[in-house]
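Written below as structure tokens is the structure these notes are about.
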Amino acid sequence: MSGISRRKFLAASMAGSAAATLSLTSGAFGAALLEGYPDGMGVLVDMTRCIGCRSCEAACNKEQQLPAPEMAFDDPAAFDYSYHAGQKRRTTEAAYTVVNRYEIQGEEQPVYRKIQCNHCNEPACLTSCFVNAYTKTKEGAVMFNDKVCVGCRTCMVACPFNIPAYSYSSAFNPVVKKCVFCHETRLKNGLPPACVEICPQEALTFGNRRDLIKIAHQRINDNPGRYVDHLYGEKELGGTSWMYLSSVPFEQLAFDTTLGREPIISNVKGFLGAVPMVLAIWPALFTGFHLLATKNKHGEGHQADHPIQEDDKQ
Amino acid sequence: MKAIISRGFKPIDSPSPENSARRWTLKEKLLLGMTPRQYFGQAVCNPFNWVLGLIFLIGIPLLIYRFAFGLGSVTHSSYDYPWGLLLGFGLFVMVPLSASGFLLGTAVNIFGRHDLHHIERLALLNGLLGYFFAVVFLIADLGQPWRLPYPMFVAFGTGAVLFLVAWHVSTYLSVQIAEVSEGFFEWMGWPQAVKFVKRITVGLTVSAIILSTLHQGALGALFTYAPGKLHPLWYAAEFQWIHFFCSSIAAGLCMVIVVSTIIKKTMAWRCDAGFLDNLDAQTLTLAKGACMALITYFAIKMLAVAHDNEWAYLATGWGLWFLFELAFGILVPLVIMSYGIRHKRAGIARLGAVATVLGIALNRLNCALIAFNWRLYQEVPHWAEVMLCVTIFAFYIVVYRAILYRLPILYSWKAKEAHAPEAVRERIPFGVSVRPSHHQVFRTRD
């Protein structure tokens, strides 16, 4: 009896360990916390200064060599465009940044909100990608490697800001398309991204993220009536490289203010932590169950499966 | 098929024709012992095949069209709903319904419930095919499916949940192939291979439990990346993976009940007496297991609502939809199956099993599509995407049926050498078998 137990136990444990070695890495390395690079750059978007000229959209289009837009960049009708009954424009494979207009009750002027990748300190897209296509560079950009993208689109599900788009129209090389902070052409040489450079209102301020936080709070303190006392992106979801100042509560501009301060990956860590435990405990647990459940039952048609049990009885 | 059987035809269920020393050729085995004319005659006469033919007539060109012109040609190309019906149904519904393999494997080989062995092979096959076709759905949905091996060999996103799913599903597919291969080796007449698979059964089963626990759970954990998108009633950061794992137990067991019911109604000629006579009792046993999983699932769903204090959501429209899912996907099947078990009425338990399968499928569709982006808008899948799903599912049925027709899943292979006296306990070195009868088989197989 003891012999057959040992044999079965070993066989099961070996299979279990094989499974464990195959996948231990996913749990073991999954929990590293990315604090964000200390010298990372960022952009402060002061929505009280934006006039909705959309020259940033045009500059982005040119810099990233994107296809010509359906509506000209100086056509104000773009602000009235909506899809699925009331959804304002969003980033697409042909537009990495978009400015939307919000009419706020009680405000004389509409508020304009520019959207693009916020370049999170701990990006959800990066942590959800199973081929490691995303990189957070030391300059602060979240880069995407389209050479390895399989097209599972989990990053699009994971992104809390709904930023990554996908080139569905391509049959043989569809990839994720999103703002890359002009990293290759500008950021890595210390230059601001194209949209920042072109902005006539200085609504966009490029700089070291830590300095931008100071500047933003300075503006809030100096003009208490002009801004709501909140810098969106300073703390949200672990912090983002692009941050926003607003004159009206952020909810009214369709910012998601329910997401909290923890990065997205914190929600997943519970499961990732359970993985190595299951891998380590299950083999012994279930082999143990097997031994308990089949103890003294070998007369009942079980023998046929194990014709060699006499071997070990000596 | 039934007509041919009623005329006295007997499909192949043993290595050689009755009262004959010669063995069936592979071609004869593939045609079940019919002549090609007979075989295609019965296939053409089957109205179900006409339906399948119609589906393929539209679906196969559509599938080619999808690969020639990209996903944009058959879906809404939604940036907000990156996962459509192909994954919402094909991956998230098919995988829990295929949990049957590891469940029955565990019951029989780990817990020693040998009374369930008549249905074990069906459950293993159901698992294998479900996973295989989940991968087919995935291939149809991936932007660049030819890069599917990348997470294995090229680029490693080791911290990602999907990395774990990719590795576990592919490993588990191989484990399932090994498990199902026992029947295939019997059918081919390779007894040494059969013996080898039997020897590693416990090891295979334990790895199946590990891999299933983790990837069934991982499919749930995928949604924990989207706290702002999935409705809070369906979202539970801590419990999501346990919800998915627990419900997959009920779904897998009930899927076996549903499939075996369809088989009993349409394919009784292929089942042996052992399968048919034990089916009612086994259905009730499976239903018992499913009931335990369902009641646990209900409890942990309520725990999740309590844990995140989401009671207020229950009074909203989404809350009603959530309660509908709980009522018709968990409680109603639970009551029906319990009644069936209590009164030993397999037919009623089967009804409950159908309700369970639909209920768990609804849960997965809710997570992936319906309650997803609840603050944005509702995505209605493109007709072509629906048609692609129907087509791939039809492929699944065709392959499923073809294997059930042939391999000893529903019947026992009447191989003479399989009945070698068990009393003869030879001392055989591990992995080597030297029974004379095996040589016999090897010499004479085709």
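Sequence lines, in order, name chains A and B. For the first sequence, my numbering gives the first residue as 104, with consecutive numbering after it. For the second sequence, my numbering gives the first residue as 5, with consecutive numbering after it. The C-beta atom is built at its ideal place from N, Cα and C for all residues, glycine as well.
Candidates A:335, A:363, A:253, A:380: closest to residue 316 (chain A) by CA position: A:335
Cβ-heavy atom distance, residue 382 (chain B) to the ligand GTP, below 7 Å: As presented, the structure is devoid of all ligands, the ligand GTP included, so that no description of it is given.
Minimum Cβ-Cβ distance from residue 213 (chain B) to chain A less than 8 Å: yes
Segment limits, beta strand (DSSP E) that includes residue 200 (chain B): Not the beta strand (DSSP E): residue 200 (chain B) falls in the alpha helix (DSSP H), residues 195-203.
C-alpha gap between residue 452 (chain B) and residue 259 (chain B), whole angstroms: Since the displayed chain B opens at 5 and closes at 450, residue 452 (chain B) lies outside it and no answer follows.
Buried versus exposed call for residue 29 (chain B) [16 or more other C-beta atoms within 10 Å across all chains shown]: exposed
Beta strand (DSSP E) segment containing residue 347 (chain A), residue limits: 345-348
Pick from B:10, B:392, B:152 that is closest to residue 64 (chain B), judged by C-alpha positions: B:392
Under the three-state DSSP convention, the category residue 314 (chain A) falls into: helix
8 Å Cβ cutoff, residue 187 (chain A) in contact with chain B: yes
Residue 370 (chain A) in three-state terms, based on DSSP: helix
For residue 395 (chain B), three-class secondary structure by DSSP: helix
Near-chain A residues of the stretch 372-405 of chain B (beta-carbon distance less than 7 Å), N- to C-terminal order: 380, 381
Which residues DSSP lists as bridging residue 237 (chain A), in chain order: A:247
Local conformation of residue 217 (chain A) per DSSP, three classes: strand
Cβ shell of residue 246 (chain B) (< 8 Å), same chain only, five flanking positions each side left out: 221, 224, 304
Whole-number beta carbon distance between residue 142 (chain A) and residue 250 (chain A), since they are thought to touch under 8 Å: Actually they are not in contact, since the Cβ atoms of residue 250 (chain A) and residue 142 (chain A) sit about 27 Å apart, beyond 8 Å.
Cβ of residue 149 (chain A) within 8 Å of any chain B Cβ: no
Contact set between residue 396 (chain A) and chain B, taken where Cβ atoms lie within less than 9 Å: 114, 115, 116, 117
Those residues which DSSP pairs with residue 209 (chain A) across a bridge: Paired residues: none, contrary to the question.
Chain-ordered neighbours of residue 148 (chain B) on chain A, where CB pairs are closer than 9 Å: 252, 253, 254, 275, 276, 277, 278
Under 7 Å by beta carbon: chain A residues contacting residue 221 (chain B): 374
Three or more C-beta pairs below 8 Å linking the stretch 87-102 of chain B and the stretch 141-152 of chain B: yes
Interface residues of chain B facing residue 268 (chain A) [CB-CB closer than 9 Å]: 83
Chain-ordered residues of the stretch 176-207 of chain A with a beta carbon less than 7 Å from chain B: 187, 188, 190, 193, 195
For residue 273 (chain B) and residue 51 (chain B), believed in contact at Cβ under 8 Å, the rounded distance: Their Cβ separation, rounded to whole angstroms, is 17 Å, which puts residue 51 (chain B) and residue 273 (chain B) out of contact at 8 Å.
The stretch 65-76 of chain B contacting the stretch 260-277 of chain A, beta-carbon criterion three pairs below 8 Å: yes
The alpha helix (DSSP H) enclosing residue 351 (chain B), as first and last residue numbers: 350-369
Spatially closest choice to residue 350 (chain A) from A:284, A:153, A:258, by CA coordinates: A:153
Reference residue 311 (chain B), options B:157, B:182, B:244, B:215, closest by Cα: B:244
Paired residues, beta bridge with residue 192 (chain B) - DSSP: Answer is none; residue 192 (chain B) lacks a bridge partner.
Interface flag, residue 154 (chain B) vs chain A, CB-CB below 8 Å: yes
Residue 426 (chain B) versus residue 203 (chain B) - alpha carbon distance: Because residue 426 (chain B) carries a pLDDT of 42, less than 50, the predicted location of this residue cannot be relied on, and the following value inherits that uncertainty. Each residue's Cα considered, the two are about 16 Å apart.
Proximal chain B residues relative to residue 233 (chain A), where beta-carbon distance stays under 7 Å: 155, 161, 164, 166, 167, 170
Contact set between the stretch 53-76 of chain B and chain A, restricted to residues whose Cβ is under 8 Å from the partner: 71, 72, 73, 74, 75, 76
Under the three-state DSSP convention, the category residue 6 (chain B) falls into: helix
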